[in-house]
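Protein chains in written order, with the working numbering: chain H, 7 to 348; chain E, 7 to 348.
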């Protein structure tokens, strides 16, 4: 090794140590995402599908994290991460969302910022390419928190958000799932095999979401979904309900939920976790465990949440066999996971 | 006084005292209703209008209370009381609901029972005569908690609920209010008189609701509304949102809210009160005060709530000059009030 190289190397090591010594003095940033919870079992997964899902989760979390690193807001990070999952046909949100009983998509999304508890939500939109953008637009550009159906689509278009035809969202895989589900539903319950019954129950799940903490100490949470396969009567789940599927408050935490929406609405899950922290002095992790295992589960519901508190602590809690998820914590450590026991 | 009369009198007194000694051993029943909170000022009210409103409130609370006395469930009582207010053109729910920007009604309602945290809600229905019935039907006869728009109307009709044309709901008084509001909105904000500005702000309010406790110890809560005058884009307020406008759990309380819906959603008001009781050990009264005055008000919102806990304690809290309201407490004492300082 000649002297020049040696000096360069020492300089590199020195610069490296300086950077790592400085890093902890910067306010923490952290981000977590989910791509839905449910009966996700290794035996039903091909290595290729698993690989594709991990790749999209990784792209999504990096899209958000890079913005946070550059000093972007938690809102920008949440929106960026959710865009990646909405644009991927692999997740039940945006492109590739599940189909309702008529073979169409109806999309729900919500967003909340922790700084001031501002929030926006849309339910049952059919033409906004990225429903999370519509939720943010409701928050920023209307006096309202929640718009639904055709009115929400009109509002989004008036705000200049990209509108697409239904064909954009609909994928052959979701058409196949809908047909398969409808044919199974035509069979008597008693005649269903265990696998078929599981398949029917699985249709309740699938949502994407993100929680983030930025350098300014602001939390944000967002959730986006196509809801349940074969849904009827303009059913709305927990994803667009502030307090149920999404909640953020710098005084407690940011939460995005996924699971059997009806149970998450009845238990006001996202806000229940925040309230335990505020009024009961519980940690985010303890509060999330209580909410999923002591409130949702005893009523017969299942699903999971991702949560982040103002110090950057991340929690992911579920009572399902799996939840697609990823996180980058305050130390910059990346995790991408699928199964509960991973 | 001859002996026979004397004996009869003594018997009467004896029986009377027996009855009053027995009454307290029966489990308590109680009920409270509201007909909306807002800028309700004595100077803007005619004695005739005040009288009519007090009469409907009185009919509504008695309709519910009589069912409770006969051993009916809190669900039956809540529905009966709300029916009276939905059917009256004086309140912003059902017949006489306010009109949206197109001069039509879009109605929202929700219901929750405290025994098992079952819940149902509809938003943006246009043809169900009594939207509270549709909320109950969603809870009882669908696997869902929330249905919106045309789907919710179809579901209600499939359940055999009475459907009516829009004309049934629309009253000349609400048409006049809409015209008046729209003409004021066409004026520049700076050109508005204080009275006109107040008139515009007032359009945010008006909802009916009921909370009840039955002899079996079960709480229930329901809320029904036409939302805001001149609303656009299928706006949904807090009334049909479980956790925001309505919540019930025997472990804490039953709540129905009314006010500036957006602030009640962002603060998850109904569940916030329950959570303070469960996790913070606060009384219903303290929790309600905190929610309205420390959470809603600091963000700029206003409105009120009615609440009832499992022991039958009633709370009515508001930060508006008035809230149409009535209650019959565990001692059978009736109160009918309009102004905050009554």
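Backbone N, C-alpha and C fix where the C-beta goes; we use that ideal spot for every residue, glycine too.
Remember, it's a predicted structure, so these values are computed and weren't measured experimentally.
Taking the alpha-carbon of residue i as reference, which of the options has the nearest alpha-carbon?
{"i": "residue 81(E)", "options": "39(E), 218(E), 108(E)", "result": "218(E)"}
{"i": "residue 271(E)", "options": "121(E), 298(E), 180(E)", "result": "298(E)"}
{"i": "residue 313(H)", "options": "283(H), 337(H), 46(H), 98(H)", "result": "283(H)"}
{"i": "residue 149(E)", "options": "234(H), 33(H), 193(H)", "result": "234(H)"}
{"i": "residue 216(H)", "options": "222(H), 229(H), 223(H)", "result": "229(H)"}
{"i": "residue 116(E)", "options": "156(E), 101(E), 143(E)", "result": "143(E)"}
{"i": "residue 133(E)", "options": "107(E), 157(E), 94(E), 254(E)", "result": "157(E)"}
{"i": "residue 350(E)", "options": "164(E), 48(E), 74(E)", "result": "Here chain E has residues from 7 to 348 only, and residue 350(E) is not among them."}
{"i": "residue 275(H)", "options": "123(H), 185(H), 48(H), 296(H)", "result": "296(H)"}
{"i": "residue 146(E)", "options": "212(E), 124(E), 166(E), 76(E)", "result": "124(E)"}
{"i": "residue 316(H)", "options": "222(H), 77(H), 188(H), 165(H)", "result": "222(H)"}
{"i": "residue 377(H)", "options": "325(H), 118(H), 288(H)", "result": "Nothing can be reported for residue 377(H), as the shown portion of chain H is limited to 7 through 348."}
{"i": "residue 164(H)", "options": "213(E), 198(E), 239(E)", "result": "239(E)"}
{"i": "residue 191(E)", "options": "237(E), 155(E), 301(E)", "result": "237(E)"}
{"i": "residue 224(H)", "options": "181(H), 77(H), 171(H), 48(H)", "result": "77(H)"}
{"i": "residue 179(E)", "options": "197(E), 55(E), 31(E)", "result": "55(E)"}
{"i": "residue 49(H)", "options": "201(H), 287(H), 301(H)", "result": "201(H)"}
{"i": "residue 88(E)", "options": "141(E), 188(E), 32(E), 189(E)", "result": "141(E)"}
{"i": "residue 187(H)", "options": "53(H), 106(H), 325(H)", "result": "106(H)"}
Taking C-beta to C-beta, are residue i and residue j nearer than 8 angstroms?
{"i": "residue 111(H)", "j": "residue 161(H)", "result": "no"}
{"i": "residue 136(H)", "j": "residue 92(H)", "result": "yes"}
{"i": "residue 96(E)", "j": "residue 64(E)", "result": "no"}
{"i": "residue 242(E)", "j": "residue 268(H)", "result": "no"}
{"i": "residue 258(H)", "j": "residue 280(H)", "result": "yes"}
{"i": "residue 100(H)", "j": "residue 113(H)", "result": "yes"}
{"i": "residue 346(E)", "j": "residue 327(E)", "result": "yes"}
{"i": "residue 277(E)", "j": "residue 277(H)", "result": "yes"}
DSSP three-state call for residue i: helix, strand or coil?
{"i": "residue 288(H)", "result": "coil"}
{"i": "residue 281(E)", "result": "helix"}
{"i": "residue 339(E)", "result": "coil"}
{"i": "residue 310(E)", "result": "strand"}
{"i": "residue 228(E)", "result": "strand"}
{"i": "residue 50(H)", "result": "helix"}
{"i": "residue 220(H)", "result": "coil"}
{"i": "residue 28(H)", "result": "Residue placement at residue 28(H) is poorly supported in this model, since its pLDDT is 46, which falls under 50; the coordinates still yield a value, given next. Looking at residue 28(H) - three-state DSSP - the assignment turns out to be helix."}
{"i": "residue 267(E)", "result": "helix"}
{"i": "residue 244(E)", "result": "coil"}
{"i": "residue 315(H)", "result": "strand"}
{"i": "residue 133(H)", "result": "coil"}
{"i": "residue 323(E)", "result": "strand"}
{"i": "residue 173(H)", "result": "helix"}
{"i": "residue 301(E)", "result": "helix"}
{"i": "residue 198(H)", "result": "coil"}
{"i": "residue 37(E)", "result": "strand"}
{"i": "residue 331(H)", "result": "strand"}
{"i": "residue 275(H)", "result": "helix"}
{"i": "residue 348(E)", "result": "coil"}
{"i": "residue 119(E)", "result": "strand"}
Going by beta carbon distance, what residues of the same chain come within less than 7 angstroms of residue i, once the five residues before and after it are set aside?
{"i": "residue 321(H)", "result": "290, 291, 294, 313"}
{"i": "residue 334(E)", "result": "36, 37, 67, 71, 340"}
{"i": "residue 153(H)", "result": "128, 144, 161"}
{"i": "residue 159(E)", "result": "131, 132, 133, 134"}
{"i": "residue 348(E)", "result": "none"}
{"i": "residue 170(E)", "result": "133, 135"}
Kindly list, in the order they appear in chain A, the residues whose Cβ is closer than 8 angstroms to that of residue i.
{"i": "residue 161(H)", "result": "This model lacks chain A altogether; the protein chains it does include are H and E."}
Apart from the five residues on each side of it in sequence, which residues of its chain come closer than 6 angstroms, Cβ to Cβ, to residue i?
{"i": "residue 318(E)", "result": "34, 36, 219, 336"}
{"i": "residue 331(H)", "result": "40, 322, 343"}
{"i": "residue 329(E)", "result": "40, 43, 310"}
{"i": "residue 84(E)", "result": "216, 218, 226, 228"}
{"i": "residue 266(E)", "result": "210, 307, 308, 309"}
Write down the C-beta distance between residue i and residue j rounded to the nearest angstrom, noting that I regard them as a contact closer than 8 angstroms.
{"i": "residue 102(H)", "j": "residue 226(H)", "result": "About 24 angstroms; that fails the 8 angstroms criterion."}
{"i": "residue 94(E)", "j": "residue 131(E)", "result": "Residue 94(E) to residue 131(E), Cβ: 18 angstroms. No contact."}
{"i": "residue 139(E)", "j": "residue 167(E)", "result": "5 angstroms"}
{"i": "residue 232(E)", "j": "residue 90(E)", "result": "Not confirmed; about 16 angstroms, so no contact."}
{"i": "residue 245(H)", "j": "residue 213(H)", "result": "5 angstroms"}
{"i": "residue 249(H)", "j": "residue 250(E)", "result": "6 angstroms"}
{"i": "residue 247(H)", "j": "residue 247(E)", "result": "6 angstroms"}
{"i": "residue 126(H)", "j": "residue 155(E)", "result": "19 angstroms between Cβ atoms; not a contact."}
Mind checking whether the beta-carbon of residue i lies closer than 7 angstroms to any heavy atom of the ligand MG?
{"i": "residue 287(E)", "result": "The ligand MG is absent from the structure shown, which contains no ligand whatsoever."}
Give every residue of the same chain whose Cβ lies closer than 8 angstroms to the Cβ of residue i, excluding the five residues on either side of it in the sequence, and list them in chain order.
{"i": "residue 51(E)", "result": "344"}
{"i": "residue 305(E)", "result": "269, 272, 273"}
{"i": "residue 177(E)", "result": "95, 101, 102"}
{"i": "residue 288(E)", "result": "282, 296"}
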